[in-house]
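Here's the structure, in structure tokens; my notes come after.
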Amino acid sequence: MKVLVAVKRVVDHNVPVRAKPDGSDVELDGVRMNINPFDEIAVEEALRLKEKGVVTEIVAVSLGSAASPEALRHALAMGVDRALVVETGGVFLQPLAVAKLLKAVVECEQPGLVLVGKQAIDNDAGQAGQMLAALLDWPQATFASELKVEGNEAVVTREVDGGVETIALTLPAVVTCDLRLNAPRFVKLPNLMMAKKKPIETLAGSETGADFAPRIKRLKVAAPAQRKAGIKVGSVAELVEKLRASGVLS
Amino acid sequence: MSVLILADHDGRQLKAATRRAIGAAKAWSAPIHVLVVGSATASVAEQAAKLDGVAKVLRVDAAHLAHPLAADVANIIKSLAGDFQVILAPHTTLAKDVLPRVAGLLDVAMIADAVEITAPSTYVRPIYAGNLLATVESSDAIQVVTVRATSFPAAAEAASAAAIESLAAPAADTRVRWVSESRNASDRPELASARVVVAGGRSFGERFEELLGPLADKLGGAIGATRAAVDAGFAPNEQQVGQTGTVVAPELYIAAGISGAQQHLAGMKDSQVIVAINHDPDAAIFQVADFGLVADLFDAVPQLTKALEQ
Ligand SMILES: Cc1cc2nc3c(=O)[nH]c(=O)nc-3n(C[C@H](O)[C@H](O)[C@H](O)COP(=O)(O)OP(=O)(O)OC[C@H]3O[C@@H](n4cnc5c(N)ncnc54)[C@H](O)[C@@H]3O)c2cc1C
Numbered sequence: 039m040k041v042l043v044a045v046k047r048v049v050d051h052n053v054p055v056r057a058k059p060d061g062s063d064v065e066l067d068g069v070r071m072n073i074n075p076f077d078e079i080a081v082e083e084a085l086r087l088k089e090k091g092v093v094t095e096i097v098a099v100s101l102g103s104a105a106s107p108e109a110l111r112h113a114l115a116m117g118v119d120r121a122l123v124v125e126t127g128g129v130f131l132q133p134l135a136v137a138k139l140l141k142a143v144v145e146c147e148q149p150g151l152v153l154v155g156k157q158a159i160d161n162d163a164g165q166a167g168q169m170l171a172a173l174l175d176w177p178q179a180t181f182a183s184e185l186k187v188e189g190n191e192a193v194v195t196r197e198v199d200g201g202v203e204t205i206a207l208t209l210p211a212v213v214t215c216d217l218r219l220n221a222p223r224f225v226k227l228p229n230l231m232m233a234k235k236k237p238i239e240t241l242a243g244s245e246t247g248a249d250f251a252p253r254i255k256r257l258k259v260a261a262p263a264q265r266k267a268g269i270k271v272g273s274v275a276e277l278v279e280k281l282r283a284s285g286v287l288s
Numbered sequence: 019m020s021v022l023i024l025a026d027h028d029g030r031q032l033k034a035a036t037r038r039a040i041g042a043a044k045a046w047s048a049p050i051h052v053l054v055v056g057s058a059t060a061s062v063a064e065q066a067a068k069l070d071g072v073a074k075v076l077r078v079d080a081a082h083l084a085h086p087l088a089a090d091v092a093n094i095i096k097s098l099a100g101d102f103q104v105i106l107a108p109h110t111t112l113a114k115d116v117l118p119r120v121a122g123l124l125d126v127a128m129i130a131d132a133v134e135i136t137a138p139s140t141y142v143r144p145i146y147a148g149n150l151l152a153t154v155e156s157s158d159a160i161q162v163v164t165v166r167a168t169s170f171p172a173a174a175e176a177a178s179a180a181a182i183e184s185l186a187a188p189a190a191d192t193r194v195r196w197v198s199e200s201r202n203a204s205d206r207p208e209l210a211s212a213r214v215v216v217a218g219g220r221s222f223g224e225r226f227e228e229l230l231g232p233l234a235d236k237l238g239g240a241i242g243a244t245r246a247a248v249d250a251g252f253a254p255n256e257q258q259v260g261q262t263g264t265v266v267a268p269e270l271y272i273a274a275g276i277s278g279a280q281q282h283l284a285g286m287k288d289s290q291v292i293v294a295i296n297h298d299p300d301a302a303i304f305q306v307a308d309f310g311l312v313a314d315l316f317d318a319v320p321q322l323t324k325a326l327e328q
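Encoded structure:
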């Protein structure tokens, strides 16, 4: 079975971001970027399925501007078989556009399973996987913390409010990956060097027929109101006294 | 125009977040219909019908919906979508699973986790783990939106109840099978809507529940945890508070042994009063805490529990 994994390049999760002074966008100049952590988990899961002999080929795909091959290099260094980039010429891709472009890739690659991260840590939308499943009319499982492929089914344990739930999907299907699914392997420098030499196939977004124009206009980006640091108390007794005075202890 | 709200419930109780989604929907000054999907949901439908602002409750009840799956719920909503300009739900796992699928079926964009609505189509939502707020405007004819429950007032009880209309359920999507679930039974309040949350980090180790449980019970609160505590297996996942866990805004949040990483703050910094207990005076959590106590949690937490008994 072939697996398709989608990867995105985002601001590194340790980097604090700022709005541009005019509030038009997020300041990304000179900011450290990295593969979206949830996508890295999706890649890792695909690799584990291959190591178990369930999967024969892993194709990683990234969408968007010229910079996204870096996320694919990371996936190649982790061990995926092929990498594909869909060029869209710098248009900011919203989740629906991502889903439409991925659908075009799915139609030509014909994978039995698509793995994506449950959300990208930049826009925190958490939509692409479910939208893709809708467009393909495939079953979906979101927030996977365990994945098994048994015959023609994917058995997925997913994280829901108040616990976990297990569902079984007839393949082909889309699964979105949560943090607890696995811990991604460490990428060794030699592998990264090797990955730099591997070819990355390119597909022109305009040739897919997908409409990737934005539907949502970003009017403003601003920092939220900051909380002010309060006071330090000297003891538990003083803390209780302050809490009683502030009225939060009923 | 009308608003359709996908209700979240556990088969018996309407979740508090749903009441707040109804509160959020008032931004459109339009009739609000609440969709209750499930099996044996008569009492949930009645609870929804009694809320202020609700014009009608639509009930889709079938045995195969006892554990609603995304494909089935999305199909139901799609079949109703022609009558609504807004499809809205609280940002809980149900809606995070279902509404993007609905948006895909309808070929419209979706706004996730809105914290402010300027009707008809402008929203404020957190991005980058809440480090920034984006104001966005959607151009689609049908607006599909999830709202952060803690940012909106809950709908009050109404004087009279709205009508409840039962609709036939479409056939189940047989390509998805519900297998099993494991929910942590707890007498404590639901984390997302608790008045008090007592939260701990990974440094509690195996003593997480032993130390935090009595404090939570003393305060009638829920227990929250950092991802590090969950990853280490000290706390169950559903207790995780943060960017990728539950978002809370209780009256009182007690953070013990929590460093204050931005991904954790994303889930709790709107709490009314924040208490931080940490032995590192420079921990980032102190920058958002109203009351900070520099102390070892293994002493301070039991002491606090004891002090509250008096
Ligand atoms: C993509 C992504 C998503 C994430 N999502 C979330 C999320 O939703 N929620 C979340 O919480 N995290 C999330 N994280 C993880 C987050 O970045 C932090 O790693 C995590 O919150 C740290 O947890 P902690 O404070 O328990 O642990 P640590 O960072 O290890 O901090 C422990 C703290 O306890 C203090 N301490 C230690 N011993 C004692 C003692 N005896 N007495 C008093 N204080 C003590 C230390 O001084 C320190 O401040 C995410 C990370 C990533 C990359």
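Residue numbers (the working numbering), protein chains in the order written: chain Y, 39 to 288; chain P, 19 to 328. Where is the CB? At the ideal position from N, CA and C, for every residue including glycine. A quick note: this is a predicted structure, and the numbers were derived from the prediction, not measured.
From the beta carbon of residue i, is the nearest beta carbon of chain Y less than 9 Å away?
| i | result |
| --- | --- |
| HIS297/P | no |
| HIS282/P | no |
| VAL266/P | no |
| TRP196/P | yes |
| SER157/P | yes |
| ARG119/P | yes |
| PRO232/P | no |
| ARG245/P | yes |
| ARG166/P | no |
| HIS85/P | yes |
| LYS287/P | yes |
| LEU151/P | yes |
| MET19/P | no |
| ASP115/P | yes |
Starting from residue i, follow the beta strand (DSSP E) in both directions and report where the run begins and ends.
| i | result |
| --- | --- |
| ASP90/P | Note, ASP90/P: premise wrong, no beta strand (DSSP E); alpha helix (DSSP H) at 88-98. |
| ALA206/Y | 201-208 |
| ASP211/Y | Note that residue 211/Y corresponds to Ala in the displayed sequence, not to Asp. Looking at the DSSP string, the run of the beta strand (DSSP E) that includes ALA211/Y is 211-215. |
| ILE145/P | 140-145 |
| GLU228/P | No beta strand (DSSP E) contains GLU228/P, which is instead part of the alpha helix (DSSP H) from 226-237. |
| ARG47/Y | 47-49 |
| THR164/P | 161-165 |
| PRO107/Y | PRO107/Y -> not in any beta strand (DSSP E); alpha helix (DSSP H) instead, spanning 107-116. |
Please classify residue i as buried or exposed, where buried requires at least 16 neighbouring CB atoms within 10 angstroms.
| i | result |
| --- | --- |
| VAL94/Y | Here the sequence assigns Thr to residue 94/Y, which means Val is not the residue at that position. It counts as exposed. |
| MET19/P | exposed |
| VAL116/P | buried |
| MET232/Y | exposed |
| LEU131/Y | buried |
| CYS146/Y | exposed |
| PHE226/P | buried |
| ASN220/Y | buried |
| GLY167/Y | buried |
| ASP90/P | buried |
| ARG30/P | exposed |
May I ask you to report which of helix, strand or coil DSSP gives residue i?
| i | result |
| --- | --- |
| ASP131/P | strand |
| VAL143/Y | helix |
| LEU287/Y | coil |
| SER61/P | helix |
| ASN72/Y | strand |
| GLY167/Y | helix |
| LEU66/Y | coil |
Within the continuous alpha helix (DSSP H) that includes residue i, where are the two ends?
| i | result |
| --- | --- |
| ILE238/Y | Looking at the DSSP string, ILE238/Y is not in any alpha helix (DSSP H), and its letter there is neither H nor E. |
| GLU256/P | That residue, GLU256/P, is in no alpha helix (DSSP H); it is neither H nor E in DSSP. |
| PRO118/P | 111-124 |
| PHE76/Y | 75-89 |
| PRO320/P | 315-327 |
| GLN132/Y | GLN132/Y -> no alpha helix (DSSP H), and no H or E assigned at all. |
| GLN281/P | 280-283 |
| GLY189/Y | It is not in any alpha helix (DSSP H) - GLY189/Y carries neither H nor E in the DSSP assignment. |
| ASP336/P | Residue coverage of chain P in this structure runs from 19 to 328, which leaves residue 336/P outside it and unanswerable. |
| THR36/P | 34-43 |
Could you check whether the Cβ of residue i sits closer than 9 Å to any Cβ belonging to chain P?
| i | result |
| --- | --- |
| GLY160/Y | Per the sequence shown, the amino acid found at residue 160/Y is Asp instead of Gly. For ASP160/Y, the answer is yes, since a Cβ of chain P falls inside 9 Å of its Cβ. |
| THR126/Y | no |
| PRO54/Y | yes |
| ASP199/Y | yes |
| ILE238/Y | no |
| VAL184/Y | Correcting the residue type first, residue 184/Y is Glu in the shown sequence and not Val. It does not; no Cβ of chain P falls within 9 Å. |
Is residue i a contact residue of ligand 3, with contact defined as CB to any heavy atom under 8 Å?
| i | result |
| --- | --- |
| ALA130/P | Here the bound small molecules are ligand 1; ligand 3 is not part of this structure. |
Practice prompt. Could you name the residues of the region 96-110 of chain Y whose beta carbon sits closer than 9 Å to any beta carbon of chain P, in the order they occur along the chain?
Written response: none
Worksheet entry | Residues from the region 202-217 of chain Y in contact with chain P, defined by Cβ distance under 7 Å | VAL202, GLU203, THR204, ILE205, ALA206, LEU207, THR208, LEU217
Discussion item. Output needed in chain order: residues of the region 129-162 of chain Y with a Cβ under 8 Å from some Cβ in chain P.
Written reply: GLN132, PRO133, LEU134, ALA137, LYS156, GLN157, ILE159, ASP160, ASN161, ASP162
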